[in-house]
Ligand code: A2P
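Numbering (the working numbering), first residue to last: 10 to 279.
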């Protein structure tokens with residue numbers, strides 16, 4: 010069966026074990042990145058920042074990969090931001106989806122990049138690279154984030170300038186949103202850098218943090234466990250290096266069952 014089967018084909022193949030969702034919108038940003046939106050099943054609940062397993066039927070069998078949900082928990086649609094891997098088992102097919110096609114979604118969301126996994130603080134840093142911005146796209150559109158923190162700093166570092174566009178459009182739309190626009194204008198800071206092209210701010214976030222440039226640029230004191238909280242999403246190496254820096258600043262890693270000062274989640278690819 011074709012990977013881009015109709016909703017009826019998918020329903021028959023998964024027999025209630027997963028949701029079948031119609032794609033409503035697809036936007037391609039670069040040859041490596043695209044966004045898609047789907048209808049949301051009425052019974053599907055999640056916490057902003059969580060991920061879920063997304064799939065297609067490949068050669069008649071469901072194939073799933075973990076995707077952060079990029080839309081906030083109040084949104085009536087679901088949004089995902091994906092990499093395109095030319096020979097990736099799932100993304101080589103997923104990148105061809107069009108509005109009207111359908112995808113599979115397992116029923117149980119999970120994840121640690123949630124407000125509940127952080128102890129109260131004044132400022133939250135959301136550190137992302139590449140598609141790692143997705144869970145934060147959800148969290149910066151959730152009023153709860155602004156209830157919990159006075160300042161929300163979203164950092165996004167990409168190889169190329171064009172890869173920042175999803176985040177730029179997202180922040181702009183968030184600041185103009187009727188529900189959270191006012192809060193976002195007051196509290197949300199978007200801090201971008203690029204590593205492999207000319208751009209006003211260059212360098213990995215870890216280098217910008219280690220040199221202190223991040224704090225000078227933002228006009229804030231260096232990270233302090235008494236007031237600062239962190240969330241990290243990117244490649245395995247990026248997680249490891251950013252986590253090590255936060256630990257040097259004295260922050261402790263938390264989880265759903267043990268909230269603390271920072272949390273980590275891998276940006277999934279495949
Ligand atoms: P760089 O261009 O120096 O590798 P990727 O697409 O490979 O996940 O990379 C996305 C962004 O994350 C790139 O700007 C990349 O920088 C950066 N990056 C890669 N590895 C790390 C790391 N260990 N720590 C911080 N940033 C990283």
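Note that CB positions come from ideal geometry on N, CA and C, so glycine has one too.
Going by DSSP, name the residue or residues bridged to residue i.
i: residue 199; result: 163
i: residue 71; result: 66
i: residue 237; result: 132
i: residue 23; result: Answer is none; residue 23 lacks a bridge partner.
i: residue 29; result: 113
i: residue 89; result: 45
i: residue 269; result: 127
i: residue 262; result: 271
i: residue 137; result: 165 and 242
i: residue 257; result: None, per the DSSP bridge assignment.
i: residue 34; result: 46
i: residue 180; result: DSSP, once it has assigned bridges, lists no residue as partnering residue 180.
Please state the DSSP three-state secondary structure of residue i.
i: residue 154; result: helix
i: residue 99; result: coil
i: residue 142; result: helix
i: residue 225; result: helix
i: residue 274; result: strand
i: residue 56; result: coil
i: residue 123; result: coil
i: residue 107; result: coil
i: residue 250; result: helix
i: residue 76; result: strand
i: residue 94; result: coil
i: residue 219; result: helix
i: residue 147; result: helix
i: residue 46; result: strand
i: residue 51; result: coil
i: residue 190; result: helix
Within 7 Å: the Cβ of residue i and any heavy atom of the ligand A2P?
i: residue 139; result: yes
i: residue 243; result: yes
i: residue 296; result: The question about residue 296 has no answer, for the chain in this structure spans 10 to 279.
i: residue 132; result: no
i: residue 205; result: yes
i: residue 2; result: This structure leaves residue 2 out entirely; the chain is present only between 10 and 279.
i: residue 6; result: In the structure displayed, the chain extends from 10 to 279; residue 6 sits before or after that span and is not available.
i: residue 214; result: yes
i: residue 186; result: no
i: residue 40; result: no
i: residue 280; result: Residue 280 falls outside the range modelled here, since the chain spans only 10 to 279, and no answer is possible.
i: residue 125; result: no
i: residue 250; result: yes
Would you please state the rounded distance, in angstroms, between the beta carbons of residue i and residue j? I believe it to be under 8 Å.
i: residue 28; j: residue 53; result: 7 Å
i: residue 186; j: residue 82; result: Their Cβ separation, rounded to whole angstroms, is 15 Å, which puts residue 186 and residue 82 out of contact at 8 Å.
i: residue 271; j: residue 231; result: With 8 Å as the limit, residue 271 and residue 231 do not qualify as a contact, their Cβ atoms being about 15 Å apart.
i: residue 32; j: residue 106; result: 5 Å
i: residue 269; j: residue 262; result: 6 Å
Any heavy atom of the ligand ADP closer than 7 Å to the beta-carbon of residue i?
i: residue 166; result: As for the ligand ADP, it is missing from this structure, which binds only the ligand A2P.
For a cutoff of 8 Å on Cβ pairs, would you count residue i as touching chain D?
i: residue 143; result: Absent from the structure is chain D; it holds one protein chain and no more.
Does the contact criterion of 3 or more C-beta pairs under 8 Å hold for the stretch 56 to 66 versus the stretch 111 to 130?
Verdict: yes, contact present.
Worksheet item: Counting pairs of Cβ atoms below 8 Å between the stretch 244 to 257 and the stretch 132 to 142, do you hit three or more?
Response: Contact holds between the stretch 244 to 257 and the stretch 132 to 142, because three or more Cβ pairs, one in each stretch, are under 8 Å apart.
Check: Is it true that the stretch 211 to 227 meets the stretch 105 to 120, where meeting means three or more beta-carbon pairs spaced less than 8 Å apart?
Finding: Pairwise C-beta distances place the stretch 211 to 227 out of contact with the stretch 105 to 120, as fewer than three of them are shorter than 8 Å.
- Query: Okay, do the stretch 93 to 111 and the stretch 162 to 172 touch, 3+ Cβ pairs below 8 Å being the bar?
  - Reply: Output reads no: the stretch 162 to 172 does not touch the stretch 93 to 111.
inquiry  = So, does the stretch 155 to 163 touch the stretch 127 to 134, judging by three or more C-beta pairs under 8 Å?
reply    = Remark: three or more beta-carbon pairs, one from each stretch, lie closer than 8 Å, so the stretch 155 to 163 and the stretch 127 to 134 are flagged as touching.
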